[in-house]
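The structure appears right after this line, and notes come after that.
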Amino acid sequence: MTDQPPPPQGNYPPPPQGGYPPPPPGGYPPPPSQGGYPPPPPQNAPGYPPQSGGYPPQQHGGYGPQGGGFPPSQVPALPQDAYTPWFTRVLAYLIDAVPILILLGITYGIAFGTADNNCTSDADGYGVYCSSDFSAIGVILLALGHLLALAYWIWNLGYKQGKTGSSIGKSIMKFKIVNEKDGQPVGFGMSIVRELIYWVGAGVCLGIVWLVAVLFPLWDSKRQTLVDKILNHVALPLDRQGLNPQPLPPQPQQPQQ
3 MTDQPPPPQG
13 NYPPPPQGGY
23 PPPPPGGYPP
33 PPSQGGYPPP
43 PPQNAPGYPP
53 QSGGYPPQQH
63 GGYGPQGGGF
73 PPSQVPALPQ
83 DAYTPWFTRV
93 LAYLIDAVPI
103 LILLGITYGI
113 AFGTADNNCT
123 SDADGYGVYC
133 SSDFSAIGVI
143 LLALGHLLAL
153 AYWIWNLGYK
163 QGKTGSSIGK
173 SIMKFKIVNE
183 KDGQPVGFGM
193 SIVRELIYWV
203 GAGVCLGIVW
213 LVAVLFPLWD
223 SKRQTLVDKI
233 LNHVALPLDR
243 QGLNPQPLPP
253 QPQQPQQ
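One gets my numbering by counting positions in the sequence shown from 1 and adding 2 to each.
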């Protein structure tokens, strides 16, 4: 038997230890990126719509484009009981009229008391005719009384009501006239306009238009007169905090990934 030559050295790798192939360098593949989820696709990648920031833009306040509550110039509806009753408004009107009635009553009383009375009899002596003319003092007092009454009317129902929402009578009866859209006092000019409309209505059709206008709150859902309807005014109790809706509290923003 012939001897076999020995195998060449280096042609075979050494057998692995433990019976298993050695692991690749580094042990195991690296874990996924942060958060344990695969990274989002790159922007403008094919097959995906373009995105910016991963989330749609947040709206301020979380409710509508205006940052909370209600859109501008929009007032939430109030129940009928939230508006001032008709009888309360009538009492306020009478209270506002009291100073004017007292002032004019005094001046007319003085004018009639100082008037010149002239009495004449007819030719047959069967009848006596008397006439009365205001004296100069009476005429001056009447003119002064009417000017003071007008000044009071402008101050009370124009300036005071326009700036604060309440005249003297309305303050005593604890309600105010405000703009329906924003709940604020109507201002001096608009307060004068509303009172002038009442005056004009009192002179049309023997006052029937005025009567219908002031009785309108009896069946109206907002207890408005016709003048209130025309000018978008409402009568509210003083303890009500206007009509402006309060903005909702800011909502927590979602954490960005």
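The C-beta atom is built at its ideal place from N, Cα and C for all residues, glycine as well. Model, not experiment: these values are computed from the prediction.
Whether residue i touches residue j by CB criterion (9 angstroms)
i	j	result
Asp135	Asp118	yes
Val236	Ile199	no
Gly171	Leu238	no
Ile139	Ile104	no
Thr116	Cys132	no
Glu182	Asn234	yes
Asp241	Lys231	no
Arg88	Leu217	For the sequence presented, residue 88 should be read as Trp rather than Arg. Contact: yes.
Gly205	Ala215	no
Helix, strand or coil at residue i according to DSSP, with G and I counted as helix
i	result
Ala237	strand
Tyr65	Interpretation of Tyr65 is limited by its pLDDT of 44, a score under 50 that renders its predicted location unreliable; the figure taken from the coordinates is listed afterwards. Correct three-state label for Tyr65: coil.
Val216	helix
Leu80	coil
Trp88	helix
Gln163	helix
Gly107	helix
Ser173	helix
Ser75	Caution applies to Ser75, whose pLDDT of 45 falls short of 50 and renders its modelled position unreliable; the value that the coordinates give is listed next. Coil.
Asp230	helix
Trp221	coil
Val141	helix
Asp126	coil
Ser193	helix
Gly205	coil
Gly70	Because Gly70 sits at a pLDDT of 43, beneath the cut-off of 50, its placement in the model cannot be relied upon, and the following sentence gives the value as read from the coordinates. Looking at Gly70 - three-state DSSP - the assignment turns out to be coil, as it is neither helix nor strand.
Reference residue i, options the options, closest by Cα
i	options	result
Val95	Ser223, Ile179, Phe114	The sequence given here places Tyr at residue 95; Val does not occur at that position. Ranking the options by Cα distance to Tyr95, first place goes to Ile179.
Lys176	Tyr154, Ser168, Ser223	Ser168
Phe114	Val92, Pro87, Ile142	Ile142
Thr166	Leu149, Ala151, Pro187, Trp157	Pro187
Ala153	Pro101, Ser173, Gly203	Pro101
Leu93	His148, Ser173, Gly147	Ser173
Trp155	Trp201, Ser137, Leu220, Leu208	Trp201
Phe190	Tyr128, Arg225, Trp157, Ser137	Trp157
Residues sharing a beta bridge with residue i, DSSP
i	result
Asn120	Ser133
Ile179	Ala237
Pro187	Val180
Residue i Cβ short of 8 angstroms to the ligand COA heavy atom set
i	result
Gln82	In the structure on display, the ligand COA does not appear, and there are no ligands present to speak of.
Inter-stretch contact at 8 angstroms, needing at least 3 Cβ pairs: the region 155-164 / the region 191-198: At 8 angstroms Cβ cutoff, the stretches touch.
Touch test, the region 77-91 against the region 99-114, Cβ-Cβ under 8 angstroms, three pairs minimum: Pairwise C-beta distances place the region 77-91 out of contact with the region 99-114, as fewer than three of them are shorter than 8 angstroms.
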